[in-house]
Structures are given as structure tokens and as C-alpha cells.
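Novice: Residues 1 to 321 (full-length UniProt numbering) make up the sequence shown, in order.
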Amino acid sequence: MWKFILRRVLIMIPQLFILSIIVFAMAKAMPGDALSGKVMDPGISPERIEELRDQMGLNDPMHTQYIRWISNVAQGDFGQSYTHKTKVMNVIEDRVWQTVYLSLFTVIIIYALAIPLGILSGRYNDTWIDKAITGYTYVGFATPTFIFGLIVLFLFGFTLDLFPTGGTVSSKVDEGTFAYFLSKLNHMVLPAFSAALISTVGVVQYLRSEVVDNKLKDYVRTARSKGIPESKVYSRHILRNSFLPIAAFLGYEITGLIGGSIIIETIFSYPGIGQLFVTSISLRDFSVVTALVMLTGFATLLGTLLSDIILSAVDPRIRIE
1 MWKFILRRVL IMIPQLFILS IIVFAMAKAM PGDALSGKVM DPGISPERIE
51 ELRDQMGLND PMHTQYIRWI SNVAQGDFGQ SYTHKTKVMN VIEDRVWQTV
101 YLSLFTVIII YALAIPLGIL SGRYNDTWID KAITGYTYVG FATPTFIFGL
151 IVLFLFGFTL DLFPTGGTVS SKVDEGTFAY FLSKLNHMVL PAFSAALIST
201 VGVVQYLRSE VVDNKLKDYV RTARSKGIPE SKVYSRHILR NSFLPIAAFL
251 GYEITGLIGG SIIIETIFSY PGIGQLFVTS ISLRDFSVVT ALVMLTGFAT
301 LLGTLLSDII LSAVDPRIRI E
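#1: Between which two residues does the alpha helix (DSSP H) holding L120 run?
#2: Within this structure, are the beta carbons of I109 and A247 separated by less than 7 Å?
#3: Does the Cβ of P164 have 16 or more other Cβ atoms within 10 Å, making it buried, or fewer, making it exposed?
#4: Would you list the residues sitting across from S81 in a DSSP beta bridge?
#5: Express the C-alpha separation of I281 and V211 in angstroms, rounding to a whole number.
#6: Can you give the Cα-Cα distance for A25 and L104, rounded to whole angstroms?
#7: Out of F148, T279 and P14, state which residue places its alpha-carbon closest to the alpha-carbon of T83.
#8: Suppose you measure from the CA of D121 to the CA of F243; what does that come to, to the nearest Å?
#9: Give me, in chain order, the residues of the same chain whose beta-carbon lies closer than 8 Å to that of R224; leave out the 5 immediate sequence neighbours on both sides.
#10: Please state whether DSSP places V169 in a helix, a strand or coil.
#11: Note the first and the last residue of the continuous alpha helix (DSSP H) segment covering I48.
#12: Only counting runs of 4 or more residues, tell me where the alpha helix (DSSP H) segments fall wholly within the segment 227 to 264, in order along the chain.
#13: Do V107 and I254 have their beta-carbon atoms positioned less than 7 Å apart in this structure?
#14: Let me know if Y111 comes out buried or exposed under the rule of 16 or more other beta-carbons within 10 Å of its beta-carbon.
#15: Tell me the DSSP secondary structure of L311 in three-state form.
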């Protein structure tokens with residue numbers, strides 16, 4: 001196991017290096033730069049702008065800028081945010097944790113909904129229960145995320161006024177108190193529920209297919225022929241084997257939600273890295289944009305590693321050397 005983890009970590013190094021080249025090249029290919037955005041005084045002279053570009057190294061050759069940038073990144077320094085006038089990591093740090101908390105809460109909702117729905121649909125396949133659940137998954141596959149988000153926001157946020165429609169915590173509570181924790185949780189309900197409604201459908205369909213497939217396996221027929229009760233056949237044989245691929249998806253699910261939080265965070269005005277990414281692009285704050293893409297790519301590689309580790313841990317038939 002440890003040899004496998006070490007090997008995968010070493011493979012991640014060239015992958016991150018290639019990603020850094022692509023990210024840097026794409027950022028430089030975008031029109032304009034930080035000094036041509038809306039962060040500068042509109043009355044500043046073109047000569048002064050060119051002088052600032054020289055001071056910031058924006059007129060240096062591409063390879064010189066990349067070497068300087070990647071050298072700093074390797075030391076954990078993603079540069080200065082031209083918009084926020086502070087280090088990029090100071091801007092990202094709090095936003096990252098907001099998105100991580102939202103993603104973890106979303107994953108809990110996803111599996112809390114998907115597991116019972118997938119089991120019911122697979123166990124009672126071709127019945128009205130299965131058709132109702134399958135109908136929901138078809139609607140989920142066909143409906144864009146922002147549609148679900150807007151419906152949930154309008155219904156539970158504005159019409160029924162059950163949950164906050166933006167932000168992360170109420171300004172009326174003190175940090176560190178239990179009321180503060182409840183307020184943060186309350187602000188995450190709508191965005192997490194909206195993201196879960198879409199993400200659940202894939203897990204439901206996959207689990208249903210696994211249950212239906214495992215019901216027809218020879219070891220299940222053998223268990224039934226021995227007179228084992230149907231409840232134990234499902235709990236000890238069918239469900240145990242059906243959960244293996246679902247467990248392996250956990251790492252991908254978390255990192256996928258972290259990287260794909262742009263739409264949900266924008267709709268619900270949730271100050272995470274998704275909303276920061278959109279704002280930074282519009283303001284041409286390339287230091288923040290490149291840092292977010294690099295961190296998301298790194299999180300994706302970690303998610304892949306986590307999924308492989310989980311699968312090897314829950315399935316005794318797999319031995320990773």
C-alpha cells in the first residue's frame with residue numbers, strides 16, 4: 001500500500017508540472033492583463049501603465065515569466081493579487097475552506113439520498129417504485145444545474161423564506177459559538193441541496209445497476225438455495241458487493257464538487273472559490289485565477305488517489321503492491 005501511494009505521489013509531480021505549463025499559457029493567452037482591467041485608476045497615463053508593466057515583469061519573455069512564477073509556486077507563493085492588494089494565498093485561504101465545507105455537506109446529502117433510492121430501485125426493479133426513481137434520475141440528467149439552483153432558491157429562499165439566500169453566516173452571531181455553527185450550516189442548506197439534487201442521480205443509477213446485476217450472480221442463487229433469509233442475502237451479499245464502486249467514487253465526488261462549485265456559488269452568492277474564480281477572471285486577476293486552477297488540479301489528483309485507497313481498503317480482493 002505505501003509503495004503504491006509513494007509511486008502515485010511521484011507520478012503527480014510531472015502531471016502538476018504539465019498542468020502548470022497549460023494553466024500559465026492559457027492565462028497569458030487571455031486578452032489584456034491586470035493593468036488593463038478595472039483595478040487601475042481610469043485617469044492614469046499610458047506611459048505610467050507601461051512603466052508599471054515593466055516593474056511587474058509583465059513585458060518579460062514568456063519563458064522568463066513562467067520560470068519566475070513556477071519557482072515561486074514551488075515555494076507556496078502564488079504572487080500578489082492585483083485586485084485585493086494582498087498575497088494570493090491570503091485571498092484564497094478562507095474561500096477554500098468555505099467551498100470544502102460546502103462540498104463535504106453536499107456529499108453527505110448525496111449519499112443520504114442516493115443510497116436508499118438506489119437500493120429501492122434495484123431491489124424492486126421494473127415496479128412502480130423503480131419507475132418513479134428512474135424518472136427522477138432522467139429529469140436530473142436532463143436539467144442543468146443552474147435550473148435546479150434557481151428553482152430551489154425561489155421556492156425555499158424567497159417564497160417560503162425558510163433558509164438564507166446568500167452569504168455563509170449571520171452577522172448577528174458571535175464566532176466560535178454553537179449559534180455560529182448552526183448559522184453556517186443553515187446558510188449551506190440551499191446550495192448543498194441544489195448541488196446534491198443533480199449529483200445524486202448518477203450515484204442512484206450506478207447503485208441500481210449494481211444491485212440488479214448482483215441479484216443474478218451465482219453466489220446469490222447459492223445463498224438463496226441454502227435457505228438464507230432474503231434480508232441477509234441483500235445485506236451480506238448483494239449490497240456489500242454493490243457498494244464497492246460507490247465507495248471508490250467518494251474521492252472523485254468531493255474533488256468534483258470543489259472544482260465544479262462555480263454555478264452554485266454564483267447563484268447563492270456563496271463566497272467560495274467558485275465565486276472568486278468568476279470574479280478574478282472578470283477583473284483579469286491572473287494570479288488568483290492560475291492559483292485556483294492549480295489548486296483544483298492538485299485536489300483532483302488527490303481525489304483520484306483517495307478513491308484508489310478507499311477501493312483497496314473496502315475490497316479485500318484487491319491487493320495493491
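Even glycine gets a Cβ: it sits at the ideal position worked out from N, Cα and C.
Specialist: With the given structure in hand:
#1: V88 to R123
#2: no
#3: buried
#4: T86
#5: 44 Å
#6: 32 Å
#7: T279
#8: Note that residue 121 is Ser in the sequence shown here, rather than Asp. Cα-Cα distance, rounded: 14 Å.
#9: E230 and V233
#10: coil
#11: Checking the sequence shown, residue 48 turns out to be Arg, not Ile. That run of the alpha helix (DSSP H) goes P46 to M56.
#12: 230 to 233 and 239 to 259
#13: yes
#14: buried
#15: helix
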